[in-house]
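See below for the structure under consideration.
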Amino acid sequence: MIIKHSLKTAFKGITTHKSRSALTILGIVVGVTAIILVMSLGEGAQNLILNQVQSIGAKTIAVVPGRQPKGPTDIIATFADSLKDRDLDLLQRKENVPHLEKIMPVVFGGETASREGETYRPNILGVTGLASKIYDIYPEEGRMFTDDEIRGNADVVVIGSRVKEELFGIDYALNQKIKIKDKNFKIIGLLPKKGQFSFLNFDEVALMPYTTAQRYIFGIKYFHRLVVEADTEENVPITVEDIKKTLRESHNITDPSKDDFFVETQAEALETVSTITNTLTMFLASVAAISLVVGGIGIMNIMLVSVTERTREIGLRKAIGATGRNILSQFLIEAIVLTASGGIIGITLGAGLAFLISMVLTRLVGLDWTFTFPVSAAILGLGVSTAVGLVFGLYPARQASLKDPIEALRYE
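Here's what the structure looks like:
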């Protein structure tokens, strides 16, 4: 009965000053909203990337120059020049990597393309015809380039739908020419709309033979990636070991810790992506959680003001029999109700914003984005906001419970 009365009194105290109560919980609302939004979008991004990585296939292996990144700050370390033609030749030999079925060098970067006064900057991707199978992207008009065109550094290109729209509009593009870095390239294929795939938007790419991209576009003699396909999924581990052994011999490396490359399977890629996205999500969520502390300080400040304003009320309640414990529970419940209400509003608002953003990303941007409601974050947000009310409401509530009833009744 005492708890019920304390709750009723607390709610009356909150609703008496609605505007002040709303402003008091604003910091809690913002903090919880930010946490829910960051966690939801983080899980959505992770699911998108993981699904696309998985779609590449379990037999696919990536050989990347530089040291293996352990976190977001190590990504720059992968931009090295340690993979060259000699490595490609050695890996293609059956005696070195018996279970290697196919291998594709990859170079990439950005460069401006132009045609009759129109310009657009696509992502240049130098590959082989194997790219169609690996990325499941085939020209809807025209064709991919041939092995002869790769060996001959042919001036041919296959463009994405966005590149075609920007440079040609509604005009016919197949077999026409575009200029990239002062060199004319013949369009031999047009890709269908595909959108984002892993870290690449295929609507905004220009595919060309890797030899052509190396020589005429980037002016390099190394590869940014080597994509390998094993003959069977079961032979992926032994293929990885053969690749490492071959490259270490090629680079005169005896200590594996000194590797200037790393080999990554799809399972390892999934683990790496999960680690990086989880780290970023938790970092952003912890930054957003700072506003909960700010909100808690605001709660304590307003509750102290409320205690001062209601000094006569406290004195009157004590005069008719209320104990210090009753007064303590009343003001403590007020603080907890305020912060818990802010937590509930924040969860609802954060989930709503995350859902709207996922709709925009799906319908307008074309991403295969799935809305995810982070249940654990919602429970955490509500729990933390309630705990903030308990911690920051304890001092004002105690101050109210210690007031002398006689002095309180004299207060003007």
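Just so you know, we're using the numbering used here here: the sequence shown kicks off at -16 and counts up by one.
In this text, a Cβ means the ideal position worked out from N, Cα and C, and glycines have one as well.
Keep in mind that this is a model prediction, so the values were computed, not measured.
Only counting the same chain, and skipping five residues up and downstream in sequence, which positions put a Cβ closer than 7 Å to that of residue i?
| i | result |
| --- | --- |
| residue 99 | none |
| residue 61 | Unreliable positioning characterises residue 61 in this predicted model, as indicated by a pLDDT of 49, which lies under 50. A coordinate reading is not provided. |
| residue 201 | 90 and 92 |
| residue 76 | none |
| residue 56 | Any reading at residue 56 is ruled out, since the residue's pLDDT is 47, under 50, leaving its predicted position unreliable. |
| residue 196 | 90, 107 and 109 |
| residue 69 | 233 |
| residue 330 | 15, 19, 361, 364 and 365 |
| residue 357 | 19, 22, 23 and 26 |
| residue 7 | 281, 282, 285 and 321 |
State the CB to CB distance for the pair residue i and residue j, rounded to an integer number of angstroms; the pair is presumed to be in contact (CB under 8 Å).
| i | j | result |
| --- | --- | --- |
| residue 15 | residue 325 | 7 Å |
| residue 209 | residue 108 | Between residue 108 and residue 209 the Cβ distance is about 14 Å, and since that is not below 8 Å, they are no contact. |
| residue 29 | residue 215 | In fact, because the Cβ distance is near 29 Å, the residues do not count as touching under 8 Å. |
| residue 246 | residue 227 | 6 Å |
| residue 23 | residue 213 | The Cβ separation is near 37 Å, so there is no contact. |
| residue 71 | residue 211 | Contact flag wrong, Cβ pair sits at about 10 Å. |
| residue 222 | residue 44 | 6 Å |
| residue 321 | residue 4 | 6 Å |
| residue 323 | residue 368 | 6 Å |
Candidates the options: which alpha carbon is nearest residue i's?
| i | options | result |
| --- | --- | --- |
| residue 278 | 373, 220 and 138 | 373 |
| residue 353 | 360, 343 and 361 | 343 |
| residue 189 | 145, 9, 44 and 155 | 145 |
| residue 111 | 335, 139 and 167 | 139 |
| residue 155 | 163, 165 and 169 | 169 |
| residue 183 | 71, 114, 234 and 242 | 114 |
| residue 403 | 25, 194, 310 and 4 | Only positions -16 to 395 of the chain appear in the structure, and residue 403 is not among them; the question remains open. |
| residue 81 | 163, 315, 239 and 224 | 224 |
| residue 219 | 101, 42, 239 and 68 | 42 |
| residue 233 | 31, 6, 8 and 73 | 73 |
| residue 207 | 266, 152, 268 and 88 | 88 |
| residue 158 | 270, 148 and 124 | 124 |
| residue 345 | 8, 7, 13 and 27 | 27 |
| residue 205 | 186, 235, 244 and 187 | 244 |
| residue 119 | 79, 153 and 178 | 178 |
Identify, in the order they occur along the chain, each residue of the same chain with its Cβ nearer than 8 Å to the Cβ of residue i, setting aside the five sequence neighbours on each side.
| i | result |
| --- | --- |
| residue 104 | 93, 94, 95 and 96 |
| residue 2 | none |
| residue -16 | Caution applies to residue -16, whose pLDDT of 42 falls short of 50 and renders its modelled position unreliable; the value that the coordinates give is listed next. So the list is empty, once near-sequence residues are dropped. |
| residue 162 | 96, 97, 98 and 168 |
| residue 371 | 11, 275, 276, 278, 279, 282 and 322 |
| residue 231 | 237, 239 and 242 |
What are the start and end residues of the beta strand (DSSP E) that includes residue i?
| i | result |
| --- | --- |
| residue 166 | 166 to 173 |
| residue 103 | 101 to 103 |
| residue 248 | 244 to 248 |
| residue 115 | No beta strand (DSSP E) holds residue 115; the alpha helix (DSSP H) holding it covers 114 to 118. |
| residue 97 | 96 to 98 |
| residue 191 | 188 to 192 |
| residue 209 | 208 to 213 |
| residue 45 | 43 to 48 |
| residue 110 | 106 to 110 |
| residue 203 | Unbroken run through residue 203: none, as it is neither H nor E. |
| residue 161 | 160 to 163 |
Could you pull the start and end residues of the alpha helix (DSSP H) that residue i belongs to?
| i | result |
| --- | --- |
| residue 91 | Careful: residue 91 lies outside any alpha helix (DSSP H), inside the beta strand (DSSP E) at 83 to 93. |
| residue 229 | 219 to 233 |
| residue 146 | 144 to 151 |
| residue 73 | 68 to 75 |
| residue 133 | 130 to 134 |
Which same chain residues, not among the five before or five after residue i, have their C-beta less than 6 Å away from its C-beta?
| i | result |
| --- | --- |
| residue 63 | 48 and 49 |
| residue 160 | 167 and 169 |
| residue 10 | 274, 277, 278 and 281 |
| residue 336 | 20 |
| residue 164 | 94 and 200 |
| residue 121 | 115 |
| residue 194 | 133 and 136 |
| residue 433 | This structure cannot settle anything about residue 433, because the visible part of the chain is limited to -16 through 395. |
Is there at least one Cβ from chain B nearer than 8 Å to residue i's Cβ?
| i | result |
| --- | --- |
| residue 268 | The chain labelled as chain B is not found in the depicted structure, where only one protein chain is given. |
Open item on the list: Could you check whether the segment 358 to 367 touches the segment 17 to 25, counting it as contact only if at least three pairs of C-beta atoms, one from each stretch, sit closer than 8 Å?
Closed with: For the pair of segments examined, the segment 358 to 367 was found to touch the segment 17 to 25: the number of CB pairs separated by less than 8 Å reaches three.
- [ ] Check whether the segment 120 to 135 touches the segment 236 to 251, counting contact only when three or more Cβ pairs, one atom from each stretch, lie closer than 8 Å.
- [x] Verdict: no, contact absent.
Task: Cβ contact (3+ pairs, closer than 8 Å) linking the segment 164 to 176 and the segment 140 to 156 - done: Segments in contact, yes.
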